[in-house]
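These protein sequences, in sequence, are chains A and B.
Residues 1 to 247 in this note's numbering are what the first sequence spells out, letter by letter.
Residues 1001 to 1247 in this note's numbering are what the second sequence spells out, letter by letter.
Beta carbons are placed, not taken as given, at the ideal position from N, Cα and C, and that holds for glycine.
Presented below is the structure to which this report refers.
2 protein chains.
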Amino acid sequence: MQMKAAVPITAADLKSACSQCNLLELCLPFGMTETEISRLDELVGNRRKIKRHQPLYRTGEAFEAIYAIRTGSFKTDVLLEDGREQVTGFQMTGEILGLDGISTEFHSCNAVALEDSEVCVIAYDKLETLSREMEGLQHQFHKVMSREIVRDHGVMMLLGSMRAEERLAAFLLNLSQRFTARGFSAAEFHLRMTRDEIGSYLGLKLETVSRAFSKFQDEGLIAVQQKHIRILNIAGLRKLVHHPAIR
Amino acid sequence: MQMKAAVPITAADLKSACSQCNLLELCLPFGMTETEISRLDELVGNRRKIKRHQPLYRTGEAFEAIYAIRTGSFKTDVLLEDGREQVTGFQMTGEILGLDGISTEFHSCNAVALEDSEVCVIAYDKLETLSREMEGLQHQFHKVMSREIVRDHGVMMLLGSMRAEERLAAFLLNLSQRFTARGFSAAEFHLRMTRDEIGSYLGLKLETVSRAFSKFQDEGLIAVQQKHIRILNIAGLRKLVHHPAIR
DNA sequence: GATGGTGGTTGACGTGGATCAACGTATGTT
DNA sequence: AACATACGTTGATCCACGTCAACCACCATC
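Okay, structure coming up:
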C-alpha cells in the first residue's frame, strides 16, 4: 500500500477521477454537485481492462461491484440450457453494468466486451454506504436503475408488438441517439456487434436482420457496408416505427 | 389533523402497519429487523383502493410514490400511438408498482387493477430519506429494483427466443410459483387477466393463447375452464420450457 | 498473395403463428 | 327471464419470418 499523502497527484490519478472524467453527464455522477462528485473519487477505486470477446462477469458469479463503462462497449446476454442466447442489451460509454446482481447477490447474465474496453469498478458495499451519506448519489443511482427498467419495457414493446423492420428501425434510431449524446455523429457510425447479436437482441434471425438492412438501403433510408452504417433519411426511419407500413 | 397521542391505536391502524401485515416476507420489508420494520410504519402513510379496470397511475403522470399491493392484482402496460398495447407485467400482492417513474419523475407506463384492489402508498421522497437512515430498507429497496430488472430480462428471453407454447408454459409455471409463495395452491388458480392480455404480455395473439391452452388440455398437462386453471402435470410443463418440442 | 475462417448477403422454400370469420359461453343489467 | 356485451374457442387461410443452402467479402496469419 502506498502512503497517499506522500505522493503527488499523477496524471493517471487525475484521469481516473470522476471529477476529471469527460463522461460526467452520461454516467452515474450526472446531476450531482461538484463537491459531491469529488467525493465519488474515493468510490471508484480501480479500473479494469477487458479484451474483445472477454467477459466482464458471468452468470452465477458472486456479485460485488457494478461497473461504469469508460471506453468500449459490451453486450449482456442470458443463456438457456439448450444453448439459445438472448441478448438483453448493448451498453456503451457512461452506461452502468451489473445491476442484475444486486437482487440475488449473484450475476444473472453475462457481460461481454464487444471491443477492447475499460470499466470503472464500483464496489457495491461502498456505493451503498456512500449513498446513505450523499443524497445526490443516492438519487442518481436510483434513477439509473429505474432507467434500466424503463429501457427494458421498451425492449418488451419491441419484441412483443413490432414487426421485423420496425424493430430494426427502432434499434438504429436508438443507437443514433446514444451516439449523438456522446458527441459522435447521429448519422454515421460503426456497429460493434454482429448481425447474429442484433438478431438475438431483436428476436430475429440474422438473415432477417441482413435482409432488412438491404431493404432499408434499397429504399434510400440508410447506406450499409458491413458494420458501417450511414443514416440517409432519419425521418423515414422514424415513420417506419410509428406507422408500421400500410397494414 | 388529529392529535395522534390522544387517540388509542385502533384495529385499523394495526392492520395498516407493515409490522402487522401478513405480506411481510413478500414485500419491501423482507429481510429487515423488527425494529427497522416498526419504523416503516411511518413510511407507509395512507392506502388507496382501486376498482377493477381503474388505473392506479397513467403514463405521463407526475411520479410521487411507489405502491405495494396489499390485495388484488394489476397489469402494467405501454401504449404505442397507433393503439398497440404491450403488457409489461402482471403484479400480485406484496409486489411493488411505480419504479418506472423514478427515472424521469413521470410515469412511463400505465398500472391498471385487474380486480378490486388495495395498495399501500409509499411517498418516494420519504422512502429516500428513510433509506438513508436505514441500511436494511435501502438494501431491500435496491433488491426490489434489481429483481425487476432480472424479471424483465426473463421476459425478453421469453419474447425473443421462445415459441408460443414454451411462452405459455413458462407463464403458467411463473404464476404457479408466485401463488405458492403466497400460500395458495400451486396447481389450481384463477387467472385475473383475459386471453388478450396474456397474449399481449407473451407477444402472441389471443387466438394463439387460446389454442395453446386447448392443446395443453388435450395433452393432459392442464385443465382449463375459462379463467380457471388446474395444472395436472407440472413436470410436463417444465419439460416444454426446457426442451422446446422435438425440433 | 495464397489460405482459412468468420461474418454477411441472397435465394428458394417451409411453417408457426397471424388474420379473418363464425360461433359458444359466461357475466351483468333491466 | 331475457337480453346485451365481453370474452373465449375453433376452423380456414395467409404471410412474415425462419430454415436451408450457396456464395461472397472481409481480415488474419503464414
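- With a threshold of 8 Å between beta carbons, GLY160(A) makes contact with chain B.
- Taking each of THR33(A), ALA111(A), GLU135(A) in turn and checking the Cα distance to THR59(A), the smallest one comes out for ALA111(A).
- Boundaries of the beta strand (DSSP E) around ASN1110(B): 1110 to 1113.
- Cβ neighbours of VAL1087(B) within its own chain (closer than 6 Å, five residues either side excluded): LYS1075, ASP1077, GLU1197, SER1200, TYR1201.
- Secondary structure remark: continuous beta strand (DSSP E) runs of at least 3 residues inside the stretch 107 to 157 of chain A, in chain order: 110 to 113, 117 to 123.
- Counting only residues of its own chain and dropping the five nearest sequence neighbours on each side, LYS1049(B) has a CB closer than 6 Å to the CB of GLU1118.
- The alpha-carbon separation between LEU237(A) and LEU221(A) amounts to approximately 7 Å.
- In terms of beta-carbon proximity, GLY203(A) lines the interface with chain B, with at least one pair separated by less than 8 Å.
- Three or more beta-carbon pairs separated by less than 8 Å are not found between the stretch 1102 to 1110 of chain B and the stretch 1228 to 1236 of chain B, which leaves the two stretches without contact.
- Chain-ordered listing is empty here: chain A has no CB closer than 8 Å to the CB of HIS1190(B), the nearest sitting near 24 Å.
- With a cutoff of 8 Å on beta-carbon distance, GLU1085(B) and HIS242(A) are scored as not near each other.
- Sequence-distant partners of LEU1175(B) (beyond 5 residues in either direction) whose C-beta falls short of 7 Å from its own C-beta, in its chain, are PHE1189.
- Distance from the Cα of MET1092(B) is smallest, within the candidate group LEU1204(B), ALA1181(B), LYS1205(B), SER1210(B), for ALA1181(B).
- By the rule that beta-carbons nearer than 8 Å mark a contact, ASP218(A) does not touch chain B.
- Between GLU135(A) and GLN1138(B), the C-beta spacing is not below 8 Å.
- Interface with chain B (8 Å Cβ-Cβ cutoff): ILE122(A) is excluded.
- Taking 8 Å as the CB threshold, MET1092(B) stays off the interface with chain A.
- Comparing C-alpha distances from LEU1204(B) to each of PHE1171(B), ASN1233(B), VAL1224(B), ASP1218(B) shows the shortest one belongs to PHE1171(B).
- When C-alpha distances from ILE1066(B) are compared across GLY1045(B), LYS1051(B), LEU1026(B), ILE1096(B), the shortest belongs to ILE1096(B).
- A Cβ of chain B is located within less than 8 Å of the beta carbon of CYS109(A).
- Note on geometry: alpha-carbon atoms of ASN22(A) and HIS153(A) lie some 29 Å from one another.
- Closest option to THR1208(B), judged by alpha-carbon separation, among GLN1020(B), LEU1168(B), ALA1235(B), PHE1184(B): LEU1168(B).
- Residue range 206 to 218 is occupied by the alpha helix (DSSP H) that includes PHE213(A).
- At the C-beta level, ASP125(A) and VAL1150(B) stay beyond 8 Å of one another.
- Taking a beta-carbon distance threshold of 8 Å, SER1176(B) does not count as an interface residue toward chain A.
- In the DSSP annotation of this structure, SER1103(B) is not part of any alpha helix (DSSP H), being labelled neither H nor E.
- At a cut-off of 8 Å between beta-carbon atoms, LEU80(A) makes contact with chain B.
- A Cβ of chain A is located within less than 8 Å of the beta carbon of ASP1100(B).
- In the same chain as LEU240(A), and ignoring 5 residues on each side of it, the C-beta atoms closer than 7 Å to its own belong to GLU165, GLU166, ALA169, in chain order.
- Residue-level contact by beta carbon fails for VAL112(A) and chain B, as no gap is shorter than 8 Å.
- In this structure, the alpha-carbon of ALA186(A) lies about 17 Å from that of GLY94(A).
- Excluding its 5 nearest sequence neighbours in each direction, GLU115(A) has C-beta neighbours in its own chain below 7 Å: ARG52, GLY72, SER73, ARG192, listed in chain order.
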